[in-house]
Every structure is written in structure tokens, then in C-alpha cells.
Amino acid sequence: MTIADLYSMMPLIVIAMAPVVMMIVISILRNYEVIYGFSVLAFIVAFASLFFTGSFLPRSIEPLLIVDVYSLFFLGIIIASALLVTILSHDYIGTLGGVKEEYFLTLFTSTLGASLLAVAGHFVIFFLGLELLSVSLYILVAFQRSKDTSVEAGIKYLLLASVSSAFLLFGMALIYTGTGTMQFAGVASLLKGSDAIAGFVSVGFSMMMVGIGFKLALVPFHMWTPDVYQGAPAPVSAYIATVSKGAVMAVLIRFFFDIRGYDSRFFFVVISALAILSMFIGNLLALKQQNIKRLLAYSSIANMGYLLVLLLTGTDKGIQAAVFYLISYFVTTIGAFGVITLLSISREETEKIDDYRGLFWTRPWAALVLTLSMLSLAGIPFTAGFIAKFYLILEGMKAGLMLLIIVMIINSVIGLYYYLRVITSMFTPGDDAGLPAISLNGNMALVLITLGILILGIYPGWLINIITRLVSL
Amino acid sequence: MLTVPIETMLIFAGLLFLIGLVGLLTRRNLIFMLMSIEIMFNSAGLVFIIAGRHWKQADGQVMFIFILAVAAVEVAIGLALLLQVYHHYKTLDADSVGKLKDNNQ
Numbered sequence: 029m030t031i032a033d034l035y036s037m038m039p040l041i042v043i044a045m046a047p048v049v050m051m052i053v054i055s056i057l058r059n060y061e062v063i064y065g066f067s068v069l070a071f072i073v074a075f076a077s078l079f080f081t082g083s084f085l086p087r088s089i090e091p092l093l094i095v096d097v098y099s100l101f102f103l104g105i106i107i108a109s110a111l112l113v114t115i116l117s118h119d120y121i122g123t124l125g126g127v128k129e130e131y132f133l134t135l136f137t138s139t140l141g142a143s144l145l146a147v148a149g150h151f152v153i154f155f156l157g158l159e160l161l162s163v164s165l166y167i168l169v170a171f172q173r174s175k176d177t178s179v180e181a182g183i184k185y186l187l188l189a190s191v192s193s194a195f196l197l198f199g200m201a202l203i204y205t206g207t208g209t210m211q212f213a214g215v216a217s218l219l220k221g222s223d224a225i226a227g228f229v230s231v232g233f234s235m236m237m238v239g240i241g242f243k244l245a246l247v248p249f250h251m252w253t254p255d256v257y258q259g260a261p262a263p264v265s266a267y268i269a270t271v272s273k274g275a276v277m278a279v280l281i282r283f284f285f286d287i288r289g290y291d292s293r294f295f296f297v298v299i300s301a302l303a304i305l306s307m308f309i310g311n312l313l314a315l316k317q318q319n320i321k322r323l324l325a326y327s328s329i330a331n332m333g334y335l336l337v338l339l340l341t342g343t344d345k346g347i348q349a350a351v352f353y354l355i356s357y358f359v360t361t362i363g364a365f366g367v368i369t370l371l372s373i374s375r376e377e378t379e380k381i382d383d384y385r386g387l388f389w390t391r392p393w394a395a396l397v398l399t400l401s402m403l404s405l406a407g408i409p410f411t412a413g414f415i416a417k418f419y420l421i422l423e424g425m426k427a428g429l430m431l432l433i434i435v436m437i438i439n440s441v442i443g444l445y446y447y448l449r450v451i452t453s454m455f456t457p458g459d460d461a462g463l464p465a466i467s468l469n470g471n472m473a474l475v476l477i478t479l480g481i482l483i484l485g486i487y488p489g490w491l492i493n494i495i496t497r498l499v500s501l
Numbered sequence: 530m531l532t533v534p535i536e537t538m539l540i541f542a543g544l545l546f547l548i549g550l551v552g553l554l555t556r557r558n559l560i561f562m563l564m565s566i567e568i569m570f571n572s573a574g575l576v577f578i579i580a581g582r583h584w585k586q587a588d589g590q591v592m593f594i595f596i597l598a599v600a601a602v603e604v605a606i607g608l609a610l611l612l613q614v615y616h617h618y619k620t621l622d623a624d625s626v627g628k629l630k631d632n633n634q
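Residue numbers (this note's numbering), protein chains in the order written: chain H, 29 to 501; chain P, 530 to 634.
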């Protein structure tokens, strides 16, 4: 390993060192504000180190890691989202009883897992990254030990995520049996060889898709999603919906494009079926939801279905559209969960849609951000979600995926209904439900998110330029 | 030296995986469910060892060591959560732990 290799791993090293330092600090001085300040600082340093790393790329650290611009982009998205979640968590976690400094520590270890997924070029890193991410998430989901629903969500997530990891592992093992290599690139080069290898890879990849499908909450592996989103603390739900899914999507895109899965008829049918099912079932189940966290869970299922369409394009342009879609989806989802988080401080979770009645008249600013997020999720013009969907449909049509695109458009219309339901509820006059006031800290995060949604929606050209110039596999 | 054909070994590992999966689906006690998951992990580890032997590489065994470590971590957290579940629900029956569900009324 050369010094340049180490430089190219800077963001990972920063994220790996931070929890170690935090453990030492916690053992000496247990202070919530200090740990919070340190984690915000560490995330900013990690983000800044991405720019420093940029000059050493692309570089593959044999045989485990591939650090290229693609992974750097995902690292950036992951770190920025984790930072936003950290800021939003401050007041929420701060008012909980018991020890709470470890929340930020666990957030860091899970971000390390997610970052490993973004640079994975080998099954070992894929597996370790995924496990680091999920194991930290079990703790985060069950973080409110005194609440039975939080613990229940934790154990449900643990059982189902472990089963999915077992499927993933078995799939990897079969691919290794067939090819004799665990590197993505190695698997890809051997795949052209013979039918026997292709058979092993097909069965192996199908089992891996069970594991990946669980993590991305694709139908029919979506059962855990609403329960976990509802039971987990709101900022953790935001984290699961964004960072965890984005990281898994990063590794799925890399692996799928490496083995050229879109050329295989079998994979094409499997992925299309997953996409169509996720879109329809996600949206239809969301229609009657009265709980906004469960509603967002179903909406995330549908959104991952939309993203799968881009896997099948098989072009760099498809990847670029996927990166843009993920960025806009991240901003929007963190915005929606951010408002829920900030309105749930030191009280029972504000999770029923009825709790938001009249929000526009009592807390106009929070209502505005939530409205924007919902409009963006629905894909209304002048928000990030519209551009992302437009870009996605454009690339999908260019690749000739007409059926999938039509299904997607039908589903966008179904989606409108439940997103608008949340908005109408906010504008219906109602009495003050005793929601907490939002602190400066929270307002700052909301301003950032609002700017993000509007800038990406009104003037997305610069970001699309950067992405199309830099991102490719 | 006695050699077993690779197909036989793979079928054995596959059966082990199925036993774990069936155990998970039929058992309702959370501790037994954790044990079933452990069996599934180990069957995957077994396939890695089989493949490593087949290709005459150490990679498979290295992977198995990682799997052991990760499985241990999962169980540690799983048992800690089980204690919390028992504390709240006074039972380890998976069907009785179900406050979170769709409620559309």
C-alpha cells in the first residue's frame, strides 16, 4: 500500500477514527454538547477530505476497495445526509432520559459501514460494510429503551435483517463457488466463460437480491419497513430511509453494472418485476395510512422501485440519473422526517396525520418545509423531486423501457393522492396541539433543506453538469 | 485421502440453510429464531469453506472467520434486545410482540 492509497482513503479514515476518539472522550468526560459538537466537526472534516482525495483518483486498492469518482460522489451524499441527521437529532435525542452520547457514536459506525459499501469492490467489504451498517442500526432503532415500540422495532429489524444477510452471504458463497473469485471485476470477467458459471452466478445473484431487496425494502421483502419506521426514533427513520438505502443502492449499481446484469434476460425480468411490484404495492398501501411515518415508509418503497428502473438502462447516463435522483430523494426525505423530528421533541411522537391539522396556522415555517417535501416527493414542478423524476423518465425512455416508465407515471399519479392528503391536513384549521417550538439548530437544518429542494428544483443545471462530467463506472 | 464430491457438500450446506429457514418460519420463540439465523449464517460459511477448498484458496476460510465474528456480534445485540423485549412484554413469543401494525381506522 502506497501513501497515495492512504490519501485516497482519507474520508474513510476520518470516519473510522472519529468513533474511537469519541469513545475515549466519553470515558473521560460525558457531556452531550461536546460529543455533538465533535461529531458535527468530524463529519465536516470527512466531507472536506473528499475534495482533497479527488486529486488521487481513480485508484483501486487491490483487492478490496475501489475509490473512484462514483464512490466519492456517494461518499459525499452519505456524509452530508449523516451530518443533516446529526443536526436534526440534537434536540430530539438531547431530551431523552438515560445515556445518550452513544447515539452519535453509533451513528458514526453506521456511516462507516455505509461508506464502505460505497467503495466496495470485493464481497468481503460488501459483507462487512453491510453488517457494520445494520448492526449499528439495530442499536439506533431500539435507542429509546424505555419505549416498547422502539424495542419491538429493533428486534424486528434485527431478525429480518439477519435473515437477509444470511441470504446475501449464501448468494455470495455460491458465486464464489462458481467463479473462484470474490472481486466484482473478477466475477464479471469470468462470467462470459461458460454456462455452468453463469448458472452459479444466476442462482447466487438471485439470493443476493433477496438480501439487497430487504435492505432496499423492495416488495416482496418490504414487511419490516413500516413497523421499523414507526417504532424507531424519527431521525433514525430518516437515516434508514436515506443513508442505509443509498449505500446499498451504490453497491448494487456497481455490482450489477460490473456483471452487465442488464444484458441477461433473467436478471432483466427479475429486476423489472421487483420494480413494478414495489411501485404499485408501495403506493397502494400508502393510500389509507393515517400515520405519517408509515406513509413515508411506503413512499420510500415506491421510490426505490422507481430507482430500479435506472439499473436496467445499462448506460452511464442511467447511473447519472440515479445519482441525481438519490440526491433529491435524500434532501426531500430528510426534510419530511426533519419536521417530524423537530415537532416530536420531548413528547410522544407526532406521527398521526391528524396531529398536523392546522399546522400551517400555528407553525407556518415547519408546515412550509413539510409541504415542500411532500410536493417534492409527489414530483410537482419547481421542486427537486420533479427534476429527478423527469430525468429518470427521460433516461428510461432513451433506453426503451416503455412498460416500466408507463407503470411509473401511473404510480406518480396514485402517489399524488396521499402526499396531498398530508398537505390538506396541514391547511385545515385546527386547534394548537401543543407542539414544541423549533430551536435555532433545527431551523438552520430546515433552511438548508428548503434551499436544497428549491435550488435543485428551479436551477438544477449546475449539479447535472457536475454529475454528467464526473460520474461514470 | 477420502474425497467427497463438491455437489454433495453443496447439497449438504443447502439443506442446512433450509433447516435454518424452516426453523425461523415455524418457531415462534425469539431465542429459537436467533438460533435458526445462526444456522443459516453457518451454512453460508460452510459453502465458503467448500469453495475455498475447491479452488485451493485461503479466501473462503478468511471469509468464514469474518462470518463468525459478525454472527457473534449479531447474537450479542440480539440477546441484549431480547432482554429488553422480555422486560416490556413479559414474553419471548414472537406473535405477542406486535404493537406495531397497520391501523387504518
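The beta carbon of each residue, even a glycine, is placed where N, CA and C say it ideally should be.
Comparing C-alpha distances from A245 (chain H) to each of H:P409, H:G122 and H:A189 shows the shortest one belongs to H:A189.
Distance check between I299 (chain H) and each of H:G333, H:L482 and H:E377 places H:G333 closest, using alpha-carbon atoms only. Judged by pairs of C-beta atoms under 8 Å, the segment 159–168 of chain H touches the segment 593–610 of chain P, as three or more such pairs exist. Less than 8 Å separates the beta-carbon of I203 (chain H) from that of G232 (chain H). For V147 (chain H) against S99 (chain H), the beta-carbon gap comes to about 5 Å, under 8 Å, which counts as contact. Non-local beta-carbon contacts of F249 (chain H) in its own chain, meaning distances under 6 Å to residues more than five positions away in sequence, involve G241 and F242 in chain order. Residue-level contact by beta carbon fails for M564 (chain P) and chain H, as no gap is shorter than 8 Å. At a cut-off of 8 Å between beta-carbon atoms, I240 (chain H) makes no contact with chain P. Close to chain H, meaning a Cβ-Cβ distance shorter than 8 Å, are the following residues of the segment 588–601 of chain P: D588, G589, V591, M592, F595, I596 and V599. Looking only at H:V337, H:P91, H:F388 and H:E376, the smallest Cα-Cα distance to V215 (chain H) is reached by H:P91. The continuous stretches of beta strand (DSSP E) do not include I434 (chain H), which lies in the alpha helix (DSSP H) extending over residues M430 to F455. The beta strand (DSSP E) runs lying completely inside the segment 332–390 of chain H and spanning 3 residues or more number zero. With the criterion set as a beta carbon lying under 8 Å from some beta carbon of chain P, the members of the segment 156–185 of chain H are L156, E159, V163, Y166, I167, A170, R173, D176, T177, V179, E180, A181, G182, I183 and K184, in sequence order. By the C-beta criterion, the segment 335–349 of chain H is judged not to be in contact with the segment 454–463 of chain H, since fewer than 3 inter-stretch pairs fall below 8 Å. Along the segment 454–501 of chain H, the alpha helix (DSSP H) occurs as fully enclosed runs of 4 or more residues at 468–486 and 489–498, listed in sequence order.
Among the CB atoms of chain H, none fall inside 8 Å of the CB of S625 (chain P).
Taking the CA atoms as reference points, I408 (chain H) sits about 18 Å from I362 (chain H).
The segment 388–395 of chain H and the segment 433–447 of chain H do not touch, with fewer than 3 CB-CB distances between them shorter than 8 Å. Among the residues facing chain P, D286 (chain H) is not included, as its CB has no counterpart in that chain under 8 Å away. Shown here, S88 (chain H) sits in a strand according to DSSP, grouped into three states. Residue pairing by DSSP places H150 (chain H) opposite H:Q211 in a beta bridge. Around the beta carbon of R288 (chain H), fewer than 16 other beta carbons sit within 10 angstroms, so the residue counts as exposed. Any Cβ of chain H closer than 8 Å to the Cβ of G552 (chain P) would place that residue at the interface, and such an atom is absent.
Counting along the chain, V95 (chain H) sits inside the beta strand (DSSP E) bounded by residues L93 to V95.
Looking at the DSSP output, N632 (chain P) shares a beta bridge with no other residue. Contact between I89 (chain H) and V95 (chain H) is confirmed by a C-beta separation of about 7 Å, below the 8 Å threshold. The Cβ neighbour count for V264 (chain H), taken over all protein chains shown within 10 Å, is at least 16; the residue is labelled buried.
Nearest CB-CB separation between K619 (chain P) and chain H: not below the 8 Å threshold. Taking a 10 Å sphere around the C-beta of D291 (chain H), we find fewer than 16 other C-beta atoms and assign the residue as exposed. The residue from H:F71, H:F358, H:N471 and H:V256 with its alpha-carbon nearest to that of V367 (chain H) is H:N471.
Within the model, the alpha-carbon separation for F570 (chain P) versus M538 (chain P) is close to 16 Å. Annotation for G310 (chain H): the continuous alpha helix (DSSP H) segment containing it runs R293 to A314.
By the rule that beta-carbons nearer than 8 Å mark a contact, L202 (chain H) touches chain P. With a beta-carbon spacing of about 7 Å, I54 (chain H) and I63 (chain H) fall inside the 8 Å limit used to define contacts. Around D383 (chain H), no beta-carbon contact reaches into chain P at under 8 Å, the shortest distance being about 15 Å.
Contacts between L608 (chain P) and chain H, judged by CB atoms closer than 7 Å, are missing: the closest CB pair is about 10 Å apart.
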